[in-house]
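Scroll down for the structure; my scribbles are underneath it.
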């Protein structure tokens, strides 16, 4: 069964000084197989060395739900309900924080 991951909508970057910071995600949807894994790309640009990067999931007619937070200084935080399947790591050199989702289910779309 093919799974179309389209709803990853909101990504916010917060830092101490937000002067000219931005985030870019790969446009369009992603197609993956149920039970497999997928990685959603995200590039960021910030003027600080202490970036705080957040991943959220938003379903139709609902508020965004916090999945996880990554800090450039190594700390991390995952929201309950997302700890087993979702993971991300900051790569400061490439300024990226891709989100990996494993054991895909239809409810992940």
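Numbering (mature numbering (1 follows the signal peptide of the UniProt record, and there is no 0)), first residue to last: -20 to -1, 1 to 89. Yeah, the Cβ is synthetic: ideal placement off N, Cα and C, and Gly gets one too.
Taking the CA atoms as reference points, residue 52 sits about 7 Å from residue 32. Taking residue 21 as the centre and dropping the five residues before and after it, the same chain places the C-beta of 5, 6, 76, 78 closer than 8 Å to its C-beta, in chain order.
Contact between residue 58 and residue 45 fails: their C-beta atoms lie close to 12 Å from each other, not under 8 Å.
Secondary structure at residue 57: strand, using DSSP grouped into helix, strand and coil.
The shortest C-alpha to C-alpha distance from residue 3 to any of 13, 43, 19, 35 is the one to 35.
Nearest in C-alpha terms to residue 63, of all of 74, 82, 70, 73, is 82. With contacts defined by Cβ atoms closer than 8 Å, residue 14 and residue 85 form a contacting pair.
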